[in-house]
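Q: Pasting a structure here, questions to come.
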Amino acid sequence: MNSIAEIFDNSKQLLDGINGFINKYIDCDLLRRCSIRKIVDSFTEKRDYEYADNPILRLIGDVETSKVLPRCVSAKKLLTDKILACFHTAASPYLMFKTGTFFSDYSKDTFYRFDLNKKANWERLQLETAKNVILDIESRTGKDHVNSLIFDDSLYRRTGGKGTDLCAKVFDHNDNKMRLGFRMMTGAWSNGETYIPFLQSLLTTRKKHLMVGKDEHADRRTLRGKRRAMAKEKGTVVVQSMVQEAQKVGIPFDYVLFDTWFSNPTQLVVLKDIGADVIAMIKKNKTRYTVLDPTDDAVKALT
């Protein structure tokens, strides 16, 4: 029996909400800076078309024009459909195109070319959009609260991940077992009431015997190369990079929060050097810290 794609509830309220959010926080200039542009969907042949007589055309003579007229789909329209396809329907874009239930009337190749655009900087789009939302929230709230950046990783499982680039056996610290997939590092902003993720990165391993998927070489000057290089970095280095990115775009925060997995003396010193104060859980080991008096005490003696 063939599976039937879920019929999407193309409600006006939902579409108006998504379009309102994009129009408010994601302008055309931001999309261009992230290399997210309109896509040519199809070509139609021009028929009888005449230019209006004007002095400029009389000076330059006959103008050679193309015999076809391209039909383009705007970047905002494609982004809206991508959000709907990813988060607001259980059916895949493939099934929706196959059953004719997709939201728009352009071809599936147009959607896939937009979705697989190698030059699209989705990380920057998420970062800049989150910044715009955060600054809007800050402008509507008082100053008697504390802002923080929160970092944590979670397991992103991939069953049968041999065909997925950089898929590996990673340690899941929730059940203390090795799982197939990635570690999803998430950096988020919070004011105590709102939690807004601003950056995410999939992390893998550097150990070849744990690598399951393909590990191909990529030019580190390209977006693909930068993503692959970041995926092999330690979690502490990724946290440092995300904090610096938040500082560059102007996300306001007072403290950086994370748990014991990313807290060590080197990490605390590096973040302090770039102007970030840290509140973190300390590992229970023999490392000695200077506290209060100051007095040298082991961590176990402080708990």
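For the sequence shown, numbering that gives the first Met the number 0 assigns the number 0 to the initial residue and increments by one for each residue that follows.
Just so it is clear, CB atoms sit at the ideal spot from N, CA and C, and this is done for glycine as well.
From a predicted model like this one, the values you see are computed outputs, not experimental measurements.
1) What did DSSP end up calling VAL211 once you bin it into helix, strand or coil?
2) Can you tell which of ILE281, ILE149, MET177 has its C-alpha closest to the C-alpha of HIS208?
3) Does the beta-carbon distance from THR259 to MET280 come in below 9 Å?
4) When you compare each of PRO264, PHE252, TRP121, ASN175 to ILE133 by their alpha carbons, which one comes out closest?
5) So SER189 and SER147 are in contact, right, with Cβ under 8 Å, and what is the actual spacing, rounded?
6) Could you check if ALA275 is buried or exposed, using at least 16 other CB atoms within 10 Å of its CB as the buried criterion?
7) Return the CA-CA distance between TYR155 and ASN175, expressed in angstroms with no decimal places.
8) Report yes if the CB atom of SER103 is closer than 9 Å to the CB atom of ASP80, and no otherwise.
9) According to the neighbour-count rule (16 or more other Cβ atoms, all chains shown, within 10 Å of its Cβ), is VAL39 buried or exposed?
10) What did DSSP end up calling LEU165 once you bin it into helix, strand or coil?
11) In the DSSP assignment, what residue or residues form a beta bridge with LEU198?
12) Assuming VAL277 is part of the alpha helix (DSSP H), what are its boundary residues?
13) What is the rounded straight-line gap between the Cα of ILE278 and the Cα of GLN243?
14) Using the Cα positions of LYS168 and SER153, report the straight-line distance between them to the nearest angstrom.
15) Hey, LEU29 and GLU127: beta-carbon distance below 9 Å or not?
16) At what residues does the beta strand (DSSP E) containing VAL255 begin and finish?
17) Let's see if you can read the secondary structure: which residues bound the beta strand (DSSP E) around SER153?
18) Does the contact criterion of 3 or more C-beta pairs under 8 Å hold for the segment 209-220 versus the segment 105-119?
19) Would you report the Cα separation of LEU181 and GLU232, rounded to the nearest angstrom?
20) What separation, rounded to the nearest whole angstrom, lies between the Cα atoms of GLY16 and ASN284?
21) Does DSSP put LYS285 in a helix, a strand or coil?
A: On the basis of the coordinates in this document:
1) DSSP places VAL211 in coil when its eight states are reduced to three.
2) Checked all of ILE281, ILE149, MET177; the closest Cα to HIS208 is MET177.
3) Cβ atoms of THR259 and MET280: closer than 9 Å.
4) Of the candidates PRO264, PHE252, TRP121, ASN175, PHE252 places its Cα closest to the Cα of ILE133.
5) Confirmed, Cβ separation roughly 6 Å.
6) Label assigned to ALA275: buried.
7) ASN175 has its alpha-carbon roughly 15 Å from the corresponding atom of TYR155.
8) Against a cut-off of 9 Å, the Cβ pair of ASP80 and SER103 comes out as a contact.
9) VAL39 is exposed by the Cβ-count criterion.
10) In the three-state reduction of the DSSP assignment, LEU165 falls in the coil class, being assigned neither a helical nor a strand state.
11) Its beta-bridge partners are GLY186.
12) Where VAL277 is concerned, there is no enclosing alpha helix (DSSP H), although the beta strand (DSSP E) it sits in stretches over 277-279.
13) Whole-angstrom Cα-Cα distance: 17 Å.
14) The alpha-carbon atoms of LYS168 and SER153 are separated by roughly 14 Å.
15) Closer than 9 Å, so yes.
16) That run of the beta strand (DSSP E) goes 254-257.
17) Unbroken beta strand (DSSP E) run through SER153: 147-156.
18) Under the three-pair Cβ rule at 8 Å, the segment 209-220 does not count as touching the segment 105-119.
19) It should be noted that the sequence gives Phe, not Leu, for residue 181. PHE181 and GLU232: Cα-Cα distance of roughly 13 Å.
20) Whole-angstrom Cα-Cα distance: 50 Å.
21) Here LYS285 sits in coil by DSSP.
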